[in-house]
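What follows is a short report on a single structure.
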Amino acid sequence: MSTRGTVARKTDEGFTGVYHHFDAYPSGLGRELWGQYFTNYESDLETMQKGLIDDHPAGWSTIDGDSGRCYCHSRTPESPAVLTQENARSYGSEYVYLLEDSALVILSPSHSKWLELARIPWDGNEPDWDQWDS
Ligand SMILES: [Zn+2]
Numbered sequence: 021m022s023t024r025g026t027v028a029r030k031t032d033e034g035f036t037g038v039y040h041h042f043d044a045y046p047s048g049l050g051r052e053l054w055g056q057y058f059t060n061y062e063s064d065l066e067t068m069q070k071g072l073i074d075d076h077p078a079g080w081s082t083i084d085g086d087s088g089r090c091y092c093h094s095r096t097p098e099s100p101a102v103l104t105q106e107n108a109r110s111y112g113s114e115y116v117y118l119l120e121d122s123a124l125v126i127l128s129p130s131h132s133k134w135l136e137l138a139r140i141p142w143d144g145n146e147p148d149w150d151q152w153d154s
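Residue 134 in this note's numbering sits at position 114 of the sequence shown, with consecutive numbering throughout.
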């Protein structure tokens, strides 16, 4: 199922990040981001932001898997696309995941705004991801 989303960092105006195509609901992409923070990135947020946002400017089919599948390092690379609070909806994003210093923050759209659906501290317990799936 292609629930689309955005992996982003917070800005003063909202957020900036990259597209993610598959399974971007909390029990999919949210759970995967949470896991990768502790395993692939060993709780190093800056390396995670670089590895998931800066190094793959055309975004992701999925970050799941050994190295994930992006749209920029494929045989037919796509152009970079910067997703923000202004255009993420036009890319079909139903969820935005902010990689913040202290927490993984999930946003969901409401009319023309992005509202905070959940704020999950990195130093807390892993939540029940299914509670946010719609
Ligand atoms: Zn790439």
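All C-beta atoms, glycine included, are put in the ideal place defined by N, C-alpha and C.
- G112 sits in coil when the DSSP states are folded into three classes, being neither helix nor strand.
- The three-state reading of DSSP puts S47 in helix, counting H, G and I together.
- Distances from the alpha-carbon of A101 to those of Y45, T23, A28 put A28 closest.
- In the displayed model, E33 falls within coil according to three-state DSSP, outside both helix and strand.
- Here DSSP, grouped into helix, strand and coil, assigns T67 to helix.
- In the structure shown, the three-state DSSP call for W149 is helix.
- Minimum Cα-Cα distance from D86 among the listed residues G34, A138, S94, N60 corresponds to N60.
- In this structure, V38 places its C-beta atom within 8 Å of the C-beta atom of T26.
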